[in-house]
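A.B. asks: First the structure, then my questions, so here it is.
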Amino acid sequence: MHAPGRAAVALLAALVLTLTLVAPSDAKPALAVHMDAIDTCLFTCDACYKAEALLACANTCLQVDGLIMGTAWHQTCPYFRKKPLFKDFF
């Protein structure tokens, strides 16, 4: 009779092997995720700020429709100074 641990290890090894064959590390997404300016702005705020600063940043995003953030936001969050990449947020 096999120990339960051996069966779990064998199952895990088979799963890892299958995933390696199915999803190569250089795989690219089929299509880019499009986010509007407000969504991008809100994710940028979330990446840089927490608590009250996050709330203030999010409110500013909504007020300016996510298009033009003030200089103070650009100076304190590096993500506002570069073209946003979806992978930067996750």
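Letter by letter, the sequence shown follows residues -27 to -1, 1 to 63 in mature numbering (1 follows the signal peptide of the UniProt record, and there is no 0). Just so it is clear, CB atoms sit at the ideal spot from N, CA and C, and this is done for glycine as well.
1. If you draw a straight line from the alpha carbon of I41 to that of R(-22), how long is it in whole angstroms?
2. Given this structure, state the Cα-to-Cα distance separating H7 from T13, to the nearest angstrom.
3. For G39, count the other beta carbons within 10 Å of its own beta carbon; 16 or more makes it buried, fewer makes it exposed. Which is it?
4. Identify the continuous alpha helix (DSSP H) that holds H47 and give its terminal residues.
5. Quick check on the burial criterion: 16 or more other C-beta atoms within 10 angstroms. Buried or exposed for T17?
6. Which stretch, first to last residue, makes up the alpha helix (DSSP H) that contains L28?
C.D. replies: For this structure:
1. Cα to Cα, the separation comes out at about 58 Å.
2. Roughly 9 Å separates the two Cα atoms.
3. Flag for G39 reads buried.
4. Residues 44 to 49.
5. If you draw a 10 Å sphere on the C-beta of T17, you find 16 or more other C-beta atoms in it, and that means buried.
6. Annotation: the continuous alpha helix (DSSP H) that includes L28 extends over 24 to 36.
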